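Since the structure comes first, as structure tokens, the remarks are kept for the end.
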Amino acid sequence: MAIFFALRQTQTQTTLFIRQTGSPVLVWYFYRERLYLRALGFRIGGTCMKKDIPLRKVEDIILAVVPRNDQEEDSMWDVYLINLQNEPIQNALISSKGYGQIDGEEVKTSTLRHYFETIEASSFELIEPIQGKVTNLHNQYWLSYKQQDYLFDKKYTFVQGSIDEGNLTDIPLIGKKGVMIR
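So the sequence shown is numbered by this note's numbering: it starts at 2 and just counts up by one.
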């Protein structure tokens with residue numbers, strides 16, 4: 002086992018690079034009289050550039066908003082996350098919020114976070130119910146999940162007025178009509 006050290010000094014910062022064979026680079030540095038530690042995922046002598054990081058696209062994950070079948074004046078809608086892939090996704094974290102204008106007044110909803118440990122292949126999960134008056138806002142959902150040791154991330158935004166009875170289409174796996182973003 003070999004350990005390598007490198008020291009770099011500038012006028013404002015002293016940096017110490019430490020690397021043990023086969024492990025990431027640990028960087029200790031002093032900046033403005035404080036000690037910091039960072040772990041870098043590349044080796045000393047090599048480079049890691051943005052182009053070297055694989056960018057994988059989220060595919061076959063749908064966010065759907067489906068109206069409930071109640072006949073109330075202020076109807077409710079259900080938001081679903083649908084996994085059309087052939088393998089499960091793990092640690093799905095969804096952050097939701099609404100924003101926009103209603104009657105000329107700026108409106109923001111609370112940010113809610115939802116977590117699902119596993120969403121099986123070819124299945125769906127109910128994320129949250131939303132009130133009918135919130136469908137007149139921009140409704141934004143950030144999805145992050147892990148699959149095959151890679152972290153995926155995607156933003157779904159239902160623009161103001163898109164969640165409407167006139168925009169309903171068939172939603173796969175659920176068997177109901179709703180509005181969806183692929």
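The beta carbon of each residue, even a glycine, is placed where N, CA and C say it ideally should be.
Nothing here was measured: the structure is a model prediction, and the numbers come from that model.
Open item on the list: Is it the case that the stretch 128 to 142 contacts the stretch 100 to 115, given that we only count it when at least three CB pairs across the two stretches are under 8 Å?
Closed with: yes
Task: Simplified DSSP assignment, three categories, for Phe125 - done: Residue numbering aside, residue 125 sits at position 124 when the sequence shown is read from its first letter. Here Phe125 sits in strand by DSSP.
TODO: Could you check the C-alpha separation between Thr48 and Phe153 for me, to the nearest Å?
DONE: Taking the sequence shown and counting its residues from 1, one reaches residue 48 at position 47. Taking the sequence shown and counting its residues from 1, one reaches residue 153 at position 152. In this prediction, Thr48 scores a pLDDT of 47, lower than 50, which makes its location untrustworthy; no coordinate-derived value is stated.
Open item on the list: How far does the beta strand (DSSP E) with Gly179 in it extend, from its first residue to its last?
Closed with: The sequence position of residue 179 within the sequence shown is 178, counting from 1. Element bounds for Gly179: Lys178 to Ile182.
Open item on the list: Let me confirm a value: Tyr116 is counted as buried when at least 16 other C-beta atoms fall within 10 Å, else exposed. Which label applies?
Closed with: Position 115 of the sequence shown, counted from the first residue, corresponds to residue 116. Flag for Tyr116 reads exposed.
Open item on the list: Excluding the 5 residues flanking Ser145 on each side, which residues of the same chain have their C-beta closer than 6 Å to its C-beta?
Closed with: As a position in the sequence shown, residue 145 is number 144, starting the count at 1. Counting only Cβ-Cβ distances below 6 Å, and skipping sequence neighbours, we find Leu94 and Asp154.
Open item on the list: Please report the straight-line C-alpha distance between Leu82 and Ile63, rounded to a whole angstrom.
Closed with: On the sequence shown, residue 82 is found 81 positions in, with the first residue counted as 1. On the sequence shown, residue 63 is found 62 positions in, with the first residue counted as 1. Looking at the two C-alpha atoms, the distance is approximately 6 Å.
TODO: Within 10 angstroms of the Cβ of Tyr142, are there 16 or more other Cβ atoms? Answer buried if so, exposed if not.
DONE: Counting from one through the sequence shown, the residue named residue 142 turns up at place 141. That one is buried.
Open item on the list: Assuming contact is defined by CB atoms lying nearer than 7 Å, are Pro89 and Trp78 in contact in what I supplied?
Closed with: As a working mapping, residue 89 is identified with position 88 in the sequence shown. As a working mapping, residue 78 is identified with position 77 in the sequence shown. In this structure, Trp78 does not lie closer than 7 Å to Pro89 by Cβ.
TODO: Check the C-beta distance from Asn184 over to Ile120 and give it rounded, since I have them as a contact under 8 Å.
DONE: Nothing can be reported for residue 184: it is not among the residues displayed for the chain, which extend from 2 to 183.
Task: Val108: first and last residue of the uninterrupted beta strand (DSSP E) it sits in - done: Reading the sequence shown from its first residue, position 107 is the one you call residue 108. Taken as a continuous stretch (DSSP letters only), the beta strand (DSSP E) holding Val108 covers Glu106 to Lys109.
TODO: Return the residue from the list Ser76, Asp150, Glu118 and Gly162 that minimises the CA-CA distance to Pro130.
DONE: Along the sequence shown, one-based indexing puts residue 130 at 129. The shortest C-alpha separation from Pro130 is found at Ser76.
Open item on the list: Please return the same chain residues whose Cβ sits closer than 6 Å to the Cβ of Ile164, not counting the five positions on each side in sequence.
Closed with: For the purposes of this step, residue 164 is taken as the residue at position 163 of the sequence shown. Closer than 6 Å at Cβ, skipping near neighbours: Val66, Thr136 and Val180.
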